[in-house]
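Note that this note's numbering gives residue 159 to position 12 of the sequence shown, counting from 1, and the numbers run on in steps of one.
We treat Cβ as the ideally placed atom computed from N, Cα and C, and that holds for glycine.
Working notes, structure below.
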Amino acid sequence: MGLDGIEIVMKVEKTFAIKIPDQEAEKIITVGDFHNAVWRHLSDKHSDKCHSQGLFYRLRKSISEAYKLPIQNVELNSSPNVIFPGYDRRKSYLQFANTNNLELPDLVLTPVWSRVLTTFGLLTIPGGFLLSIILINFFDYTKWTLLIPITGILFTIAVSNILNPKRTIIKSKTIKDFTKETLALNYGRLIKESGTNRQEMESVINHIIAKMAGLELEEIMPEKKICDDLGID
């Protein structure tokens, strides 16, 4: 397991308030190994309570009260982008998180602005690198020209920050997915109060791996090797 894998281990340790010894972490090869390692260190926190169910009911009640929706309209298959009001979403979304003392999944760019940022990044980073190579090889510019793509990275980060107000889309497709992602973000505090169970523990670990590695949740399966199959260095 490489440096990216170590970051994931540290995030999992923080979430579950445990410490996995280095010699044990080095033996984690598959996602299933990861599940087993964490479960061993939660021996005193086992519980049959279903936090995901409790969190769903809590979210449903809060959404209904905050946005004046009939509670039966907030279903597991409902789209959070329909449930949460679109007008001034960033402000109301943050207010909802603060009111309920929950960390919610980050809002993302709309498809149009996401394409704008991606295009800008491609032009300034790979494009800047190509320009540097051309200037060095054909016009005898110094290797300092290689700073052009580095500047492109900095500009792309700056543009990404400027576009924060355009991050108004909830990535979760359903309230069920939204609940699972919210559970993963707040799990540490919840298990301190009432323990955890194996199924939820695995789900939370899978969400952490997927988010930190930039993978789809469906790719995270127990038999997958963290380095070879998932490409996590």
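So, are the CB atoms of residue i and residue j less than 8 Å apart?
i, j, result
"LEU377", "VAL351", "no"
"VAL178", "ILE367", "yes"
"LEU256", "ARG314", "yes"
"PHE163", "ILE338", "yes"
"GLU363", "ALA357", "yes"
"ILE210", "LYS372", "no"
"SER226", "LYS161", "no"
"ARG237", "PRO168", "no"
Among the options, which one has its Cα closest to the Cα of residue i?
i, options, result
"PHE325", "LEU150, LYS215, LEU254", "LEU254"
"LEU251", "GLU171, GLN170, ILE316, PRO217", "ILE316"
"LYS327", "HIS198, GLY274, ALA360", "HIS198"
"GLU347", "ALA172, LEU206, GLN200, GLU340", "GLN200"
"PHE267", "SER225, PRO168, THR246, LEU310", "LEU310"
"ASN384", "LEU206, ASN224, THR265", "Since the displayed the chain opens at 148 and closes at 380, residue 384 lies outside it and no answer follows."
"LYS166", "PRO296, VAL185, SER279", "VAL185"
"ALA208", "ARG336, ALA357, ILE322", "In the sequence on display, residue 208 carries Lys and not Ala. Residue ILE322 is the option with its Cα nearest to LYS208."
"TYR234", "ILE218, ILE281, TYR214", "TYR214"
"SER261", "ASN308, THR292, LYS196", "ASN308"
"THR292", "GLY152, VAL263, SER279", "SER279"
"ILE304", "LEU264, ILE281, ILE295, ASP195", "LEU264"
"ARG336", "LEU301, THR289, LYS318, LEU249", "LEU249"
"PHE302", "LEU269, LEU277, PHE286, ASN284", "LEU269"
If I'm right that residue i touches residue j with Cβ under 8 Å, what's the distance once you round it to whole angstroms?
i, j, result
"ILE355", "LYS158", "6 Å"
"HIS193", "ASN344", "7 Å"
"MET359", "ILE155", "5 Å"
"TYR288", "LEU282", "4 Å"
"LYS103", "GLY342", "The structure shown does not extend to residue 103, since the chain is modelled only from 148 to 380, so the question has no answer here."
"PRO296", "HIS182", "Not quite, the Cβ-Cβ distance comes to about 40 Å (not below 8 Å), so this is no contact."
- Is the region 228-236 close to the region 265-273, with three or more CB pairs under 8 Å? With a cut-off of 8 Å, the region 265-273 and the region 228-236 do not count as touching, because too few Cβ pairs lie within range.
- Message: I'd like the ranges of any beta strand (DSSP E) spanning at least 3 consecutive residues and lying wholly in the region 237-307.
- Response: As far as the region 237-307 is concerned, its whole beta strand (DSSP E) runs of at least 3 residues are 254-256.
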